[in-house]
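Undergrad: Numbered according to my numbering, the sequence shown spans residues 93 to 250.
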Amino acid sequence: MNELKQYKQLPNDKEALLTGHNYEMYNLDLMRKVFPRIIREFNEKHVRKQRRPQIRDIVTLYFYLLSYVDGVHTRADGTQSERFGASFPSRDKIAGDLGIAEKRIKSLVDILETNGLVRQKTVWNGKWYFPSFCPCVSEDGYLVDEDGRKVTPNLAIY
């Protein structure tokens, strides 16, 4: 009985988030399978122990881009927005917010892209990033496309 009385609901609980705004879901297999596989493959390619390039920032960068997705589907004039689903923070903003060196951002996004996690589009004022919500993930940690095929990365990008 005392155990039940001691239970206290934490602030910002899931129910409050689900009924509020600014809340998105993500596929849990990203953290359980996909990112560990990518990190393992990267580390196997870069076997040196000293000054090994860091890969862990891809996780933060992916969720950062996902959190800036433009969710406005239709413009005021009734046409579909071409920016719908895109995230478009500048490299300078990403570097400042995440503390990732600006020169590393391109290579990290390229790794996300070759794994099917992000699609890039160059526009007149920079880059648009279209993060995948990754609805299907295989048991061995690969995204699965609409045709049921694994998205296998080009390891030369690593």
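For every residue, glycine included, the Cβ atom is placed at its ideal position computed from N, Cα and C.
Can you give the beta carbon distance from Asp162 to Val229, rounded, assuming they're within the 8 angstroms contact cut?
TA: Actually they are not in contact, since the Cβ atoms of Asp162 and Val229 sit about 25 angstroms apart, beyond 8 angstroms.
Undergrad: For Pro181, which three-state DSSP category applies?
TA: Pro181: coil per DSSP, three-state reduction.
Undergrad: With DSSP as the reference, label Pro245 as helix, strand or coil.
TA: The answer is coil: DSSP assigns Pro245 none of H, G, I, E or B.
Undergrad: Near Phe155, which residues of its chain fall below 8 angstroms by C-beta distance, leaving aside the five closest residues on each side in sequence?
TA: The answer, listed in chain order, is Tyr118.
Undergrad: What are the boundary residues of the alpha helix (DSSP H) that Arg196 is part of?
TA: Start and end: Glu194 to Thr206.
Undergrad: Just the Cα atoms here: how many angstroms apart are Glu174 and His165?
TA: Taking the straight line from one Cα to the other gives about 8 angstroms.
Undergrad: State buried or exposed for Asn207, treating a residue as buried only when at least 16 other CB atoms are found within 10 Å of its CB.
TA: With 16 or more Cβ atoms within 10 Å of its Cβ, Asn207 is classed as buried.
Undergrad: Classify Gly188: buried if its beta carbon has 16 or more other beta carbons within 10 angstroms, exposed otherwise.
TA: The residue is exposed, with fewer than 16 neighbouring Cβ atoms inside 10 Å.
Undergrad: With a threshold of 6 angstroms on Cβ separation, who are the neighbours of Leu158 within its own chain once the five nearest residues in sequence on each side are excluded?
TA: Excluding residues within five positions, the ones whose Cβ falls inside 6 angstroms are Pro223.
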